[in-house]
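**Student:**
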Amino acid sequence: MSPAMDEKIDPIYQSVIARNPGEKEFHQAVHEVLETLGPVLVKHPEFAHYKLIERICEPERQIIFRVPWVDTHGKVQINRGFRVEFNSALGPYKGGLRFHPSVYLGIVKFLGFEQIFKNALTGLPIGGGKGGSDFDPKGKTDGDIMRFCQSFMMELYRHIGEHTDVPAGDIGVGGREIGFMFGTYKRITNRWEAGVLTGKGLNWGGSLVRTEATGYGAAFFVDEMLKVRKDSFDGKTCVVSGSGNVAIYTIEKIHQLGGKVVACSDSGGYIYDKNGIDLELVQQIKEIERRRISAYAEERKSAKYVDGGNIWEIPCQVAMPSATQNEINGKDAAMLVKNGCIAIGEGANMPTTPEGVKVFQDAGIAYGPGKAANAGGVATSALEMQQNAIRDSWDFEYTENRLRIIMQNIHRDCYETAEEYGSPGNYVVGANIAGFIKVSRAMLAMGVV
Ligand code: GLU
Numbered sequence: 307m308s309p310a311m312d313e314k315i316d317p318i319y320q321s322v323i324a325r326n327p328g329e330k331e332f333h334q335a336v337h338e339v340l341e342t343l344g345p346v347l348v349k350h351p352e353f354a355h356y357k358l359i360e361r362i363c364e365p366e367r368q369i370i371f372r373v374p375w376v377d378t379h380g381k382v383q384i385n386r387g388f389r390v391e392f393n394s395a396l397g398p399y400k401g402g403l404r405f406h407p408s409v410y411l412g413i414v415k416f417l418g419f420e421q422i423f424k425n426a427l428t429g430l431p432i433g434g435g436k437g438g439s440d441f442d443p444k445g446k447t448d449g450d451i452m453r454f455c456q457s458f459m460m461e462l463y464r465h466i467g468e469h470t471d472v473p474a475g476d477i478g479v480g481g482r483e484i485g486f487m488f489g490t491y492k493r494i495t496n497r498w499e500a501g502v503l504t505g506k507g508l509n510w511g512g513s514l515v516r517t518e519a520t521g522y523g524a525a526f527f528v529d530e531m532l533k534v535r536k537d538s539f540d541g542k543t544c545v546v547s548g549s550g551n552v553a554i555y556t557i558e559k560i561h562q563l564g565g566k567v568v569a570c571s572d573s574g575g576y577i578y579d580k581n582g583i584d585l586e587l588v589q590q591i592k593e594i595e596r597r598r599i600s601a602y603a604e605e606r607k608s609a610k611y612v613d614g615g616n617i618w619e620i621p622c623q624v625a626m627p628s629a630t631q632n633e634i635n636g637k638d639a640a641m642l643v644k645n646g647c648i649a650i651g652e653g654a655n656m657p658t659t660p661e662g663v664k665v666f667q668d669a670g671i672a673y674g675p676g677k678a679a680n681a682g683g684v685a686t687s688a689l690e691m692q693q694n695a696i697r698d699s700w701d702f703e704y705t706e707n708r709l710r711i712i713m714q715n716i717h718r719d720c721y722e723t724a725e726e727y728g729s730p731g732n733y734v735v736g737a738n739i740a741g742f743i744k745v746s747r748a749m750l751a752m753g754v755v
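Quick note: my numbering has the sequence shown finishing at residue 755, numbered continuously throughout.
#1: Where do the N-terminal and C-terminal ends of the alpha helix (DSSP H) with L462 fall, by residue?
#2: Rounded to the nearest angstrom, what separates D529 and K644 at their Cα positions?
#3: Tell me the rounded alpha-carbon separation between I370 and K415.
#4: Would you call the stretch 516-525 in contact with the stretch 668-685, where contact means no fewer than 3 C-beta pairs closer than 8 Å?
#5: Per the contact definition of three or more C-beta pairs closer than 8 Å, is the stretch 441-457 in contact with the stretch 414-428?
#6: Could you tell me the alpha carbon to alpha carbon distance between D413 and H717, rounded to whole angstroms?
#7: When we look at the beta-carbon of A553 and count the other beta-carbons within 10 Å, is it buried (16 or more) or exposed?
#8: Quick one: what's got a C-beta closer than 6 Å to D377's C-beta in the same chain, skipping five residues either side?
#9: In the DSSP output, which residue or residues are listed as bridge partners for T543?
#10: So if DSSP puts R372 in a beta bridge, which residue, or which two residues, is it bridged to?
#11: Which residues in the same chain as L427 place their Cβ atom closer than 8 Å to its Cβ, once the five residues preceding and following it in sequence are excluded?
#12: Alpha carbon to alpha carbon, how far is I711 from G523? Give it in angstroms, no decimals.
#13: Using the rule of at least 16 other Cβ atoms within 10 Å of the residue's Cβ for burial, across every protein chain shown, is M752 buried or exposed?
#14: What number of angstroms, rounded off, separates the C-alpha of I650 from the C-alpha of M626?
#15: Take G402 as the anchor and find which of D698, D572, A688, L750 has the nearest alpha-carbon.
#16: With the cut-off set at 7 Å, would you say E594 and A601 are in Cβ contact?
#17: Determine the DSSP secondary structure at V479, reduced to helix, strand or coil.
#18: I'd like to confirm something about G295: is its beta-carbon nearer than 6 Å to some heavy atom of ligand 1, or not?
#19: Taking the beta strand (DSSP E) that F353 falls in, what are its first and last residues?
#20: Quick one: Cα of R464 to Cα of T470, how far?
#21: Please check if any C-beta of chain C sits within less than 7 Å of the C-beta of T342.
#22: With a cut-off of 8 Å, do at least 3 Cβ pairs link the stretch 389-408 to the stretch 423-438?
#23: For D701, count the other beta carbons within 10 Å of its own beta carbon; 16 or more makes it buried, fewer makes it exposed. Which is it?
#24: Under a Cβ-count criterion, where at least 16 other Cβ atoms within 10 Å of its own Cβ denotes burial, should E604 be classed as buried or exposed?
#25: Here's the rule I'm using: 16 or more other beta-carbon atoms within 10 Å means buried, otherwise exposed. How should K559 be labelled?
#26: Decide if the stretch 654-661 is in contact with the stretch 579-587; the criterion is three or more beta carbon pairs, one per stretch, under 8 Å apart.
#27: Can you find a heavy atom of ligand 2 that lies under 6 Å from the Cβ of G614?
#28: Assuming the contact rule is C-beta atoms closer than 8 Å, G478 and F405 should be a hit. Round their C-beta distance to whole Å, please.
#29: For M307 and V346, what's the separation of their Cα atoms in angstroms?
#30: By Cβ distance below 6 Å, which residues in the same chain neighbour A669 in space, the five residues on each side in sequence not counted?
#31: Can you tell me where the alpha helix (DSSP H) holding R325 begins and where it ends?
#32: Provide the residue(s) that pair with V624 in DSSP beta bridges, ordered along the chain.
#33: What did DSSP end up calling P660 once you bin it into helix, strand or coil?
#34: How is S308 classed by DSSP in three states: helix, strand or coil?
#35: Please confirm whether any heavy atom of ligand 1 lies closer than 6 Å to the CB of A524.
#36: Kindly indicate which residue of S549, Y704, E329 has the alpha-carbon position closest to the one of R596.
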């Protein structure tokens, strides 16, 4: 059961709604955190006195800018760029850039807000921020992507830096886009400043395991939740939504841990392969050919493609939503539980609606919220920053091992904090409170700034 909003906290939430009209995803993300913080104020009245919740809900800085560029056909295009620098108590602002037509201030703020707590949970020195654009990369030529990224960085460069704000990828932004942006930053500033962006290529400052990190980390987190229940991935049927970077490496790690992923998806529909998803084929289609996931079923007899289908109707024991926000609603959650699902690990940010979260919690299944379960991506970005700072690069095994230890620590932190605050087994409570306390303590020490 999710706790009711504390009476001291409710007015803070109401003021967030009033001050940020129309930003429904941001309201949802704030609500999810604030409804769990009541017991914290009882133990820490100083947090209320110094208005820590109010301060954390207000971004330190919000930047919105015009991104003009000329497309392949010589036509002028105008997009909107965003960077919300939310909180720098624990380190430079850190968080990805999302390029997707749905992007507006409310989405960037929800992501930036979640990022504060997620980054705190990693235990590494990174603050929270997020950015992006309503630019739609789908179907664009490499030239279009490059010109857009160059124009985007032409403004963003003045706001970022290795000690200030360190962007990375998110939906629609991968190695190719980071490369174009790094090149532009380098040209404008005349600085080869590796630490300004993460997710870089391996031969120019990138870190091994960064590409795999979000997916691997999410699978490690679920593995830990299963261990608590004296269980494992071994022999489990799993469903992973999405087919981008997070989904692909979630599938790879689940297979390594002995589970079988039978379905994945894109915004058009899902593929079901009773023999288990052939990851090499997915990678060929999505990463190399940049085609739709429906192509999988054309290549594999054992698979079917369901156009417009709902992937959550497939019976599974472990579900890992790894596509986008609000992709599991209350009905989907009920269907998953009814079909025997025992664990959820969120690779995407806020993929479950509040109704869905309630269904999972009421059913008592292991539910790992995104800000804990998908923290492996940004944690490995922080490891990339460490390597950049000492001008070194670590091998795969060492880096993956560090990621695994970080995910185990996050899991333990969330688990123990939930218990300490009277909600055993509730990882939402554990993640929110553990993250909030880390940030609040730092802010308290630094005074009212
Ligand atoms: N976009 C990722 C996230 O949601 C990674 C951010 C980063 O590496 O800075 O956490």
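All residues carry an ideal CB built from backbone N, CA and C; glycine is no exception.
**Tutor:** Inspection of the coordinates gives the following:
#1: Residue 462 sits at position 156 when you count from the first residue of the sequence shown. Element bounds for L462: 448-462.
#2: Sequence index remark: in the sequence shown, residue 529 carries index 223 (1-based). Sequence index remark: in the sequence shown, residue 644 carries index 338 (1-based). If I take the Cα positions, the gap works out to 22 Å.
#3: Position 64 of the sequence shown, counting from 1, holds the residue named residue 370. Position 109 of the sequence shown, counting from 1, holds the residue named residue 415. Their backbone Cα atoms lie some 12 Å apart in a straight line.
#4: yes
#5: no
#6: In the sequence shown, the residue the question calls residue 413 occupies position 107. In the sequence shown, the residue the question calls residue 717 occupies position 411. According to the sequence provided, residue 413 is Ile. The question's Asp does not apply to it. Straight-line Cα distance between these residues: approximately 26 Å.
#7: Walking along the sequence shown from the start, residue 553 turns up at place 247. A553 counts as buried, since at least 16 other C-beta atoms from the protein chains shown sit within 10 angstroms of its C-beta.
#8: The residue you call residue 377 lines up with position 71 of the sequence shown. Exclusion of the five residues before and after D377 leaves Q383, D450 as the residues of its chain whose Cβ lies within less than 6 Å of its Cβ.
#9: Along the sequence shown, read from residue 1 onward, the residue named residue 543 stands at position 237. Per DSSP, K566.
#10: Taking the first residue of the sequence shown as position 1, residue 372 is located at position 66. DSSP output for R372 lists R386 as bridge partner(s).
#11: For the purposes of this step, residue 427 is taken as residue 121 along the sequence shown, with counting starting at 1. Excluding sequence neighbours, L427 sits near K677, A678, A681, I716, D719, C720, A737, A740, G741, K744.
#12: Along the sequence shown, read from residue 1 onward, the residue named residue 523 stands at position 217. Along the sequence shown, read from residue 1 onward, the residue named residue 711 stands at position 405. Cα atoms of G523 and I711: separation of roughly 10 Å, rounded to the nearest angstrom.
#13: For this step, residue 752 is matched to residue 446 along the sequence shown. Flag for M752 reads exposed.
#14: Numbered from its first residue, the sequence shown carries residue 650 at position 344. Numbered from its first residue, the sequence shown carries residue 626 at position 320. Distance between the alpha carbons of I650 and M626: 6 Å.
#15: For the purposes of this step, residue 402 is taken as residue 96 along the sequence shown, with counting starting at 1. Ranking D698, D572, A688, L750 by Cα distance to G402 puts A688 first.
#16: Numbered from its first residue, the sequence shown carries residue 594 at position 288. Numbered from its first residue, the sequence shown carries residue 601 at position 295. A small correction: the amino acid at residue 594 is Ile; Glu does not occupy that position in the sequence shown. Not a contact, by the Cβ cut-off of 7 Å.
#17: For the purposes of this step, residue 479 is taken as the residue at position 173 of the sequence shown. Of the three classes helix, strand and coil, the one that applies to V479 here is strand, per DSSP.
#18: This structure gives no information on residue 295, because the portion of the chain shown stretches from 307 to 755.
#19: Position 47 of the sequence shown, counted from the start, is the residue given in the question as residue 353. Element bounds for F353: not the beta strand (DSSP E) but the alpha helix (DSSP H), 351-355.
#20: Here residue 464 refers to the residue found at position 158 when the sequence shown is read from its first residue. Here residue 470 refers to the residue found at position 164 when the sequence shown is read from its first residue. Rounded to whole angstroms, R464 to T470 spans 10 Å at the Cα level.
#21: Protein chain content of the structure displayed is limited to a single chain, and chain C is not contained in it.
#22: yes
#23: As a working mapping, residue 701 is identified with position 395 in the sequence shown. So D701 ends up on the exposed side.
#24: Taking the first residue of the sequence shown as position 1, residue 604 is located at position 298. Exposed.
#25: Here the question's residue 559 lines up with position 253 in the sequence shown. K559 is buried by the Cβ-count criterion.
#26: no
#27: As presented, the structure is devoid of ligand 2, carrying ligand 1 as its sole ligands.
#28: Looking up residue 478 in the sequence shown gives position 172. Looking up residue 405 in the sequence shown gives position 99. Correct: roughly 3 Å between the Cβ atoms.
#29: The sequence position of residue 307 within the sequence shown is 1, counting from 1. The sequence position of residue 346 within the sequence shown is 40, counting from 1. Residue placement at M307 is poorly supported in this model, since its pLDDT is 42, which falls under 50; the coordinates still yield a value, given next. Taking the straight line joining both Cα atoms gives about 18 Å.
#30: Taking the sequence shown and counting its residues from 1, one reaches residue 669 at position 363. Once the five neighbours on either side are set aside, the close Cβ partners of A669 are V643.
#31: Taking the sequence shown and counting its residues from 1, one reaches residue 325 at position 19. Counting along the chain, the alpha helix (DSSP H) containing R325 begins and ends at 316-325.
#32: Here residue 624 refers to the residue found at position 318 of the sequence shown. In the DSSP output, where bridge partners are listed per residue, V624 has C544, A649.
#33: On the sequence shown, position 354 is the one that residue 660 refers to. P660 falls in the helix class under three-state DSSP.
#34: Indexing the sequence shown from 1 puts residue 308 at position 2. With a pLDDT of 47 at S308, under the threshold of 50, the modelled position of that residue is not reliable, and no figure is offered here.
#35: One-based indexing of the sequence shown puts residue 524 at position 218. No, Cβ of A524 sits at least 6 Å from all heavy atoms of ligand 1.
#36: Within the sequence shown, the letter at position 290 stands for residue 596. For R596, the closest of S549, Y704, E329 by C-alpha to C-alpha distance is S549.
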